[in-house]
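First comes the structure, then the notes that go with it.
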Amino acid sequence: MGDLAQHIAEQAARAPKFAVPEVLSGRFSEMAGLVCSMAEDLGAAIEGSPAEVFHSLARSDQRVDALYEELMTEVTDPAWTHGVAPAISVALLARFYERFADQVVSVARRVDFALTGELPESALRDASTPVGGSALR
């Protein structure tokens with residue numbers, strides 16, 4: 017997760033003028049807020065307050081996944097007018113955030129298992145989902 021956070025910071029520093037076109041800033045703000053909250057909640061779970069954290073994180077991850085899909089749809093739309101470089105920045109940043117959220121859920125799954133000895137219900141359901149369940153993943 018640290019590597020992904022570093023990639024986000026590097027991408028933003030590398031391309032400050034077009035890291036995120038203004039029209040998409042709201043979605044990126046929401047995505048950033050979600051992953052920050054997820055990381056904080058995971059920290060609390062690891063410190064000993066795990067009550068239903070996994071399920072909450074999984075719900076947040078679903079929203080991050082939806083935002084990722086929306087952003088990818090936006091930058092691949094023929095009506096995209098912001099150019100190639102901003103599209104690449106958006107795609108990279110969205111993917112970094114999406115992977116960060118996935119990794120938070122993965123760690124939470126392990127914490128939940130360590131505490132309860134059982135995999136969370138949605139982890140079992142996810143294991144039966146085919147790899148690459150989405151065309152954009």
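Taken in order, the sequence shown gives residues 17 to 153; the numbers are from this note's numbering. By construction, the Cβ of each residue, glycine as well, lies at the ideal position given by its N, Cα and C atoms.
- The count of Cβ pairs closer than 8 angstroms, one atom from the stretch 51-68 and one from the stretch 108-123, reaches three, so the stretches are in contact.
- With respect to S105, V39 sits apart: the two C-beta atoms are not nearer than 9 angstroms.
- In this structure, A61 places its C-beta atom within 9 angstroms of the C-beta atom of D128.
- V120 is not a Cβ neighbour of D81, given a cutoff of 9 angstroms.
- Straight-line measurement puts the Cα of H71 at about 14 angstroms from the Cα of T132.
- With a threshold of 16 other beta carbon atoms within 10 Å, V100 falls short and is exposed.
- Within 10 angstroms of the beta-carbon of P94 lie fewer than 16 other beta-carbons, which makes it exposed.
- Straight-line spacing of the CA atoms in E85 and V91 works out to 10 angstroms.
- L135 sits in coil when the DSSP states are folded into three classes, being neither helix nor strand.
- Taking the CA atoms as reference points, A103 sits about 15 angstroms from R43.
- Per DSSP, reduced to three states, the secondary structure at G42 is helical.
- Along the length of the stretch 42-92, whole alpha helix (DSSP H) runs at least 4 residues long occupy 69-92, reported in chain order.
- Between A130 and V69, the C-beta gap is not smaller than 9 angstroms, which leaves the two residues out of contact.
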